[in-house]
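Asks: Numbering (my numbering), first residue to last: -18 to 136.
Even glycine gets a Cβ: it sits at the ideal position worked out from N, Cα and C.
(1) Give, in chain order, every unbroken run of the alpha helix (DSSP H) that is at least 4 residues long and sits entirely within the stretch 59 to 131.
(2) Kindly confirm or deny that the stretch 41 to 60 and the stretch -13 to -5 touch, where touching means at least three C-beta pairs closer than 8 Å.
(3) Rounded to whole angstroms, what is the Cα-Cα separation between residue 79 and residue 131?
(4) In three-state DSSP terms, what is residue 27?
(5) What residue range is occupied by the uninterrupted beta strand (DSSP E) comprising residue -3?
(6) Three-state secondary structure (DSSP) at residue 48?
(7) Quick check: what's the CA-CA separation for residue 86 versus residue 43?
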């Protein structure tokens, strides 16, 4: 059986967590938005918590601890179940270098193709290019989109 793993950045602890992902509503949602301007997404975001459930080692012979961390939903990414040239697990949202692309590419889910692709932004043309991921071409993770946009700006 394939193990589906996620990672997410802790909202309060400011560290990465790896495990199972859950999006849980705090209250039963209203059938229509309570926002006077009708922004249902805004209301929904305020009523939903995002968690990574994970285990933590304990003393020998004792059961592992089952824990959860509240994470920023923008940081959540699924594992591709593939590893880069340094044996680092590759996740959705990772920025990678590969011979397939001239520039660093981002791992993104493509809804129409129903698979992960390499996406490169061409600033000069203001366009995106997507490539299928060739499993025979090695990749190296150099960063991820969440760290680039959020964490590095906090420092």
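Replies: In this structure, then:
(1) none
(2) yes
(3) 24 Å
(4) helix
(5) -3 to 6
(6) strand
(7) 43 Å
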